[in-house]
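Worksheet: one structure, shown below.
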Amino acid sequence: RVVDDIYNSDAMLREYEDLRRSPREPGCPFERVILALQFWSDATQLANFGTAKLWPVYMYFGNQPKWARSRPDMHACHDIAHIPSLPDSFQDFVCEQRGFPADARLKTHCRHELFHAVWRILLDKDFIKAYKHGILIKFPDGTVRRVYLRIITYSADYPEKVLIATIRNLGTCLYPRCLVQRHQIRKLGLQVDAKFRRFSRRIDDDNRRYLLKRARHFIYSCRKSVASTWVQALLRPNSLVPTINAFSFCLSSLGFSYFDMLCSDFMHEFELGEWKTLLTHRIRMLFALGEDRISKLDERLAPLASSKQ
910 RVVDDIYNSD AMLREYEDLR RSPREPGCPF ERVILALQFW SDATQLANFG
960 TAKLWPVYMY FGNQPKWARS RPDMHACHDI AHIPSLPDSF QDFVCEQRGF
1010 PADARLKTHC RHELFHAVWR ILLDKDFIKA YKHGILIKFP DGTVRRVYLR
1060 IITYSADYPE KVLIATIRNL GTCLYPRCLV QRHQIRKLGL QVDAKFRRFS
1110 RRIDDDNRRY LLKRARHFIY SCRKSVASTW VQALLRPNSL VPTINAFSFC
1160 LSSLGFSYFD MLCSDFMHEF ELGEWKTLLT HRIRMLFALG EDRISKLDER
1210 LAPLASSKQ
């Protein structure tokens, strides 16, 4: 078996098998198919000097081959939303209400709330209806099929994965998909680590939602601080935050677990992370040995650059 794209991946095949086993819509004779949705989001600084920034959300259809999705001239990328930042008047508003400005914890909580408020607008009743009952679409071959939306992947860097998963940034359990703790990171790559990750997966279950409900009750009904011991005693063990997750709120009743959609981001996690750090360190070593070593490196890498063109 060869796996080379989203449409022949395990996740896609599982979704199709689940759909095939589910009951049909009453009186619907049409073939049922999956429309794989892939989301990306990345906050971008627009200027080297200044605070202008943009936070777009992109969507691709996984049914298209990856070579088409990677070409700008195919227009396969759909710009579906832009996430706003907290307004400049936010601190003034907090001062009017509380008498003193917001601390870092409160601002972080409000950013989480704002992010998921945008997603609750996107995951509206029409989206949920298409997710549950499908929509009839006439394909270019003239065949009408019932298309069911399915979220397969959401790719982002670590700070945004923290927002999506509604967990604490670099908390005790710092991974978005499992409950591995900080002191267990040293076991990375061992068999015991892989086994623990499988058995300690984060699950969007009733227990998580109950803890969240209790924490929000303390904040909004009992007027406790986000950083209070009342709230942290409930959420800190699993590094949760007191924000209602939009994906859980809208899609958990349909069997969707938002933790499973968070995929590895090779660019952010390796190319712009470990590999860039390693390359920068090697270049500094060459500078320390003499500038002629840098010229030698450029000479060796020049043919590689020309071959890519």
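If you're matching positions, the sequence shown starts at 910 in this note's numbering and goes up one per residue. C-beta atoms are modelled at their ideal positions from N, C-alpha and C, and glycine is treated no differently.
- DSSP places W949 in the strand class (E or B) of the three-state scheme.
- Residue state for E940 is assigned as strand, using DSSP reduced to three classes.
- Here L1097 is exposed, its C-beta having fewer than 16 other C-beta atoms within 10 Å.
- Closest option to R1007, judged by alpha-carbon separation, among I915, R1132, V1089 and Y967: R1132.
- Contact between D1113 and S1157 holds: CB atoms are separated by about 5 Å, below the 8 Å threshold.
- Under the 8 Å Cβ criterion, the stretch 957-967 counts as touching the stretch 984-998, having at least three qualifying pairs.
- Per DSSP, V1071 has no beta bridge partner at all.
- Here the alpha carbons of D997 and E1005 stand approximately 14 Å from one another.
- Around the beta carbon of P1085, 16 or more other beta carbons lie within 10 angstroms, which makes this residue buried.
- The shortest C-alpha to C-alpha distance from S1162 to any of E926, E1022, F1175 and K1038 is the one to K1038.
- With respect to A945, L1032 sits apart: the two C-beta atoms are not nearer than 8 Å.
- Excluding the 5 residues flanking it on each side, F1048 has same chain C-beta neighbours closer than 7 Å at R1054, in chain order.
- Closest option to H1018, judged by alpha-carbon separation, among R941, I1128 and E924: I1128.
- For T1062 against M1170, the beta-carbon gap comes to about 6 Å, under 8 Å, which counts as contact.
- Of E926, R1077 and P1212, the smallest CA-CA separation from R1014 is found for R1077.
- L1083 sits close to S1148, with the two beta carbons spaced by under 8 Å.
- In the structure shown, P981 falls within a helical segment according to DSSP collapsed to helix, strand and coil.
- Around F948, the same chain offers M968 and Y1063 as residues with beta carbons nearer than 6 Å, after the five sequence neighbours per side are excluded.
- Beta-bridge pairing by DSSP links C1131 to no other residue.
- By the criterion of a C-beta distance shorter than 8 Å, A1142 is surrounded by no residue of its chain, once the five residues flanking it on both sides are discounted.
- By the beta-carbon neighbour count (other beta carbons within 10 angstroms, threshold 16), L1072 is buried.
- For S1157, the enclosing alpha helix (DSSP H) stretches over residues A1155 to L1160.
- Straight-line spacing of the CA atoms in Y916 and G1080 works out to 35 Å.
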